[in-house]
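To start, the structure itself, in structure tokens.
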Amino acid sequence: MSRSTPMPLVRLPAAVLLLALAGCAGMQMNSEVVATDNAPKAIGPYSQAIRSGPMLFLAGQIPIDPKTNQLVVGTIEEETTLVLNNLKAVLEANGMTMANVVSTSVFMKDLNDFPKMNTVYGTYFQTAPPARATVQVARLPRDVKVEISAIAVK
14 MSRSTPMPLV
24 RLPAAVLLLA
34 LAGCAGMQMN
44 SEVVATDNAP
54 KAIGPYSQAI
64 RSGPMLFLAG
74 QIPIDPKTNQ
84 LVVGTIEEET
94 TLVLNNLKAV
104 LEANGMTMAN
114 VVSTSVFMKD
124 LNDFPKMNTV
134 YGTYFQTAPP
144 ARATVQVARL
154 PRDVKVEISA
164 IAVK
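When you line the sequence shown up against the working numbering, it's residues 14 to 167, in that order.
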């Protein structure tokens, strides 16, 4: 099929859809908290990560030094480096690396800093970089410059 030819829309009868959903409802999905002392402790009612099957859902990390549990305020490059190192530590606690990351969400205080953040980000994902969404937000926890969350698959 050429790119200009749209894929035909397939409509499933409602009964088929209900049977498929009923099959999913019977599936047991075990979720497990993943935590490490090598990344900042959660500063609220959330987990550093949740593993569900082969997938790991990593909470957003901000530039907190896991050794001191103190916020590190610096340049966008310094904050991005610490954020990605924190994500890396959570991945390692689950036996994964940055190569397992399939998607990230980057939240930035100022998109004018995007080129600098992107340069640091690129050093962590040199081959087969994950899908990514990057947005500017009005405010981030503790008024940091960047927060990044991720999804990884083993």
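Note that beta-carbon positions come from the ideal geometry of N, C-alpha and C, so glycine has one too.
Assuming residue i and residue j are in contact, meaning their beta carbons sit under 8 angstroms apart, how far apart are those beta carbons, in whole angstroms?
i, j, result
"ILE161", "SER116", "Contact doesn't hold; Cβ gap of about 11 angstroms is too wide."
"ALA102", "THR136", "ALA102 to THR136, Cβ: 16 angstroms. No contact."
"SER60", "ALA72", "6 angstroms"
Taking just the CA atoms, how far does residue j sit from residue i?
i, j, result
"VAL150", "VAL159", "10 angstroms"
"ALA112", "PRO67", "14 angstroms"
"PRO76", "ASN43", "30 angstroms"
"LYS80", "LEU95", "12 angstroms"
"ALA106", "ALA163", "14 angstroms"
"PRO128", "SER65", "34 angstroms"
"ILE63", "ALA165", "10 angstroms"
Taking residue i as the reference, which of the options has the closest Cα?
i, options, result
"GLN74", "LEU153, VAL166, LYS167", "LEU153"
"LEU97", "VAL166, LYS167, ALA55, ASN131", "ASN131"
"LYS167", "VAL114, VAL148, ASN125", "VAL114"
"LEU104", "LEU69, GLN83, ILE56", "LEU69"
"ILE56", "ASP78, ARG64, GLU92", "ASP78"
"GLN139", "THR110, PRO58, ARG155, ASP126", "THR110"
My output table needs one value for residue i: the three-state DSSP class, helix, strand or coil.
i, result
"VAL115", "strand"
"ALA106", "helix"
"ASP156", "helix"
"PHE138", "coil"
"VAL46", "strand"
Tell me where the alpha helix (DSSP H) around residue i begins and ends.
i, result
"THR147", "No alpha helix (DSSP H) contains THR147, which is instead part of the beta strand (DSSP E) from 144-149."
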